[in-house]
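Numbering-wise, UniProt numbering puts 86 at position 86 of the sequence shown, and it's gapless, one number per residue.
The C-beta atom is built at its ideal place from N, Cα and C for all residues, glycine as well.
All values reported here derive from a predicted model rather than from experimental measurement.
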Amino acid sequence: MALPIMDNSQRYGAISRLLHWGMALLFAWQFTSATAHWLFPDTPFEEFFWGTHYPVGVLLLTLVVLRAIWALANASRRPPSVSVMAKLGHLALYGLMIAIPTIALIRQYGSGRSLEVFGINLMSGFEGEEITWMTDLGGLLHGELGWTLLALIVGHIVMAILHRKLTHHDVLTRMAR
Ligand code: HEM
Ligand code: HEM
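Printed below as a string of structure tokens:
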């Protein structure tokens, strides 16, 4: 049966799935570049991946904004949450997916350095003092919230798989079949 564009009460539709699985791949890439930066500085591994961290991060931020709009447009149609915890968990994933790259962009602006991604000039930079509250915010939170998101994603994947065993809800089929 062809997958409908919009969600329905039984299954997520084509656009929701494309956003979910496409972004899952991009997050795998993003956490690979973060790991390269953290654990393997000054290696060819870091050299290859780290150069992609900013553009992929900005792409993820753009996609999550579109995804949130799509989720709101489908709110009354999509499969209902299986529990309050699942709803809160998904909300937390959205919150972190938006906060982490936004905080990085605030830090980048505050540093006075320019930012170009995919050939588009997002920030032209400025001369003079850094804006310290902006750089401090990023220094304090960007990496920490990033690893928190990774932990939450691992929990999300485990719950998606365990749900069929623990309850009668086979949630995986809503997103994957
Ligand atoms: C959803 C998108 C993003 C995720 C999940 C993410 C995740 C991470 C993580 C986990 C780290 C920690 C690496 C370490 O411990 O060494 C990190 C570091 C970093 N990220 Fe991102 N990032 C994202 C987007 C961005 C964007 C858009 C920028 C730039 C505009 C950026 C710039 C940086 C920088 C400069 C560092 C090194 C300094 C630090 O650890 O805070 N990131 N990122
Ligand atoms: C192997 C990886 C993954 C699996 C097996 C998986 C599985 C699922 C399943 C089965 C659902 C439907 C849950 C329901 O209807 O209650 C779902 C929804 C969701 N997943 Fe994942 N997921 C994975 C990766 C990710 C990643 C990397 C993220 C990013 C943070 C994510 C964020 C979400 C969100 C926010 C929802 C709610 C629906 C939406 O707005 O898209 N998932 N996932």
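Checklist entry - What residue from 108, 137 and 175 has the CA that sits closest to residue 126's CA? => result 108
Next on the checklist: Can you tell me where the alpha helix (DSSP H) holding residue 46 begins and where it ends?
Outcome noted: 44 to 50
Next on the checklist: Is it the case that the segment 14 to 25 contacts the segment 62 to 74, given that we only count it when at least three CB pairs across the two stretches are under 8 Å?
Outcome noted: yes
Next on the checklist: Looking at ligand 1, does it come within less than 6 Å of residue 55, judged from the CB to the closest heavy atom?
Outcome noted: no
Checklist entry - Are there 16 or more other CB atoms within 10 angstroms of the CB of residue 36, so buried, or fewer, so exposed? => result buried
Checklist entry - Given residue 87, which residues of its chain have a CB within under 8 Å of its CB, disregarding the five upstream and five downstream residues? => result 81
Next on the checklist: Can you determine whether any heavy atom of ligand 2 sits closer than 6 Å to the C-beta of residue 101, and answer yes or no?
Outcome noted: no
Next on the checklist: Can you look up residue 122 in the DSSP assignment and give me helix, strand or coil?
Outcome noted: strand
Next on the checklist: Rounded to whole angstroms, what is the Cα-Cα separation between residue 171 and residue 112?
Outcome noted: 46 Å
Item to check | Delimiting residues of the beta strand (DSSP E) encompassing residue 65 | outcome: Looking at the DSSP string, residue 65 is not in any beta strand (DSSP E); the run it does join, the alpha helix (DSSP H), is 53 to 73.
Checklist entry - What do you reckon, are the CB atoms on residue 61 and residue 101 nearer than 7 Å? => result yes
Next on the checklist: Under 6 Å: does the beta carbon of residue 58 sit that close to some heavy atom of ligand 1?
Outcome noted: yes
Checklist entry - Would you say residue 92 touches ligand 1, meaning its beta carbon is less than 6 Å from a heavy atom? => result no
Checklist entry - Would the beta-carbon of residue 58 fall within 7 Å of that of residue 29? => result no
Checklist entry - Which value, in whole angstroms, describes the spacing of the CA atoms of residue 152 and residue 93? => result 7 Å
Checklist entry - What did DSSP end up calling residue 115 once you bin it into helix, strand or coil? => result strand
Item to check | Local Cβ density within 10 Å of residue 90, reported as buried at 16 or more and exposed below that | outcome: exposed
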